[in-house]
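Scroll down for the structure; my scribbles are underneath it.
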Amino acid sequence: MKKYPAEDNDPFRDVKDWQDHRYDPGYFTGGNIHPLLKARRPNKYGYVLILSGLGFLFFAAFFGRDSFWIEVVLQIAMALLLIAAGVKLVKGTDPRHPKMKTKKG
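Converting from the sequence shown to the working numbering requires adding 9 to each position, the first position being numbered 1.
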């Protein structure tokens with residue numbers, strides 16, 4: 010049960026609820042995700058993820074020569090994951106509002 014009522018028009022209600030229950034085991038295992046990631050699409054946080062991923066790629070390209078190969082592979086994998094998540098947040102459809110499908114025939 011939510012501690013903060015939905016009708017109070019507080020934009021930080023979900024953030025307060027997240028902070029109050031972040032250490033409760035099992036509270037967020039039903040599809041409840043952080044309010045920052047639940048924002049409408051296009052989500053501006055996606056640009057931060059894309060820039061972070063590009064930073065990882067830049068770091069791996071220029072400073073990876075002096076590192077072990079596994080470090081470079083992990084940096085590239087992390088960069089690709091960040092870029093993919095960022096693109097999904099920026100261009101992805103909002104899963105809470107799926108498009109209506111029409112039947113042919």
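Cβ coordinates follow ideal geometry from the N, Cα and C atoms, glycine included.
For G62, count neighbouring Cβ atoms within 10 angstroms of its own Cβ and tell me buried if that reaches 16, exposed if not.
-> Sixteen is the threshold: when 16 or more other Cβ atoms of the shown chains lie within 10 Å of the Cβ of G62, as they do, the residue is buried.
8 angstroms Cβ shell around A86 - same chain, five flanking residues per side excluded = No residues qualify anywhere along the chain.
Among V82, P51, Y54, which residue has its Cα nearest to the Cα of L66?
-> It is V82.
At what residues does the alpha helix (DSSP H) containing K100 begin and finish?
-> Taken as a continuous stretch (DSSP letters only), the alpha helix (DSSP H) holding K100 covers 78-100.
Does DSSP put D29 in a helix, a strand or coil?
-> Three-state result, D29: helix.
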